[in-house]
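Note that the sequence shown ends on residue 332 in the numbering used here; no numbers are left out. Glycine is no exception: its CB is placed at the ideal position from the N, C-alpha and C atoms. The structure displayed is predicted, hence computed values, not measured ones. Worksheet for the structure shown next.
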Amino acid sequence: MPWMECPRIALPGIGRVGVFGIAEMYGYDSDDEDSREWFPNVERLDGFSKVFGVGNVFVMIPQKEGYSYVGLECGCTWDDEHGLGFLLHKDRLVNIGQADAGFSTWEAYKDNGTYERKSPTRS
């Protein structure tokens, strides 16, 4: 699915990452020629279609305030193997990372307060 066909509700949450937030997260330097090849200069939100596209949309079981979390699994120019993922709740970006951030429920459970760590058994 091309980026701009992504549901409009996801745009505000993803837009809050900032235009250069993703490139900075991966350590790309706009002054470096190799970085520019993999991550061209993006000046507007719709420019992200140059560098990634949504492959899968996941409506998750975890919910908060009556709304499910939505995950986006994306392909991207800079990481063919691991891709890019977003976890959203309503219009809020909860997590961004490799593609598994778009389909792993752990961050959703942490965000809604229902994630529990199992305590080690004591002898």
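Hey, is the stretch 272-280 in contact with the stretch 301-321, meaning 3+ C-beta pairs nearer than 8 Å?
yes
Exposed unless 16 or more other CB atoms sit within 10 angstroms - verdict on Gly-322:
exposed
Quick check on this structure: which residue in Thr-286, Asp-300, Ser-258 has the alpha carbon closest to the alpha carbon of Glu-274?
Asp-300
Which word fits Glu-316, buried or exposed, when buried means at least 16 other C-beta atoms lie within 10 angstroms of its C-beta?
buried
Glu-316: first and last residue of the uninterrupted alpha helix (DSSP H) it sits in:
315-321
Could you check the C-alpha separation between Leu-296 and Arg-245 for me, to the nearest Å?
26 Å
For Asp-320, which residues in the same chain have their Cβ closer than 6 Å to its Cβ, ignoring the five residues on either side in sequence?
Val-303
Please report the distance separating the alpha-carbon of Phe-267 from that of His-291.
17 Å
Mind reading off the beta-carbon distance from Gly-294 to Gly-262? Whole number of angstroms is fine, and I expect it under 8 Å.
Between Gly-262 and Gly-294 the Cβ distance is about 13 Å, and since that is not below 8 Å, they are no contact.
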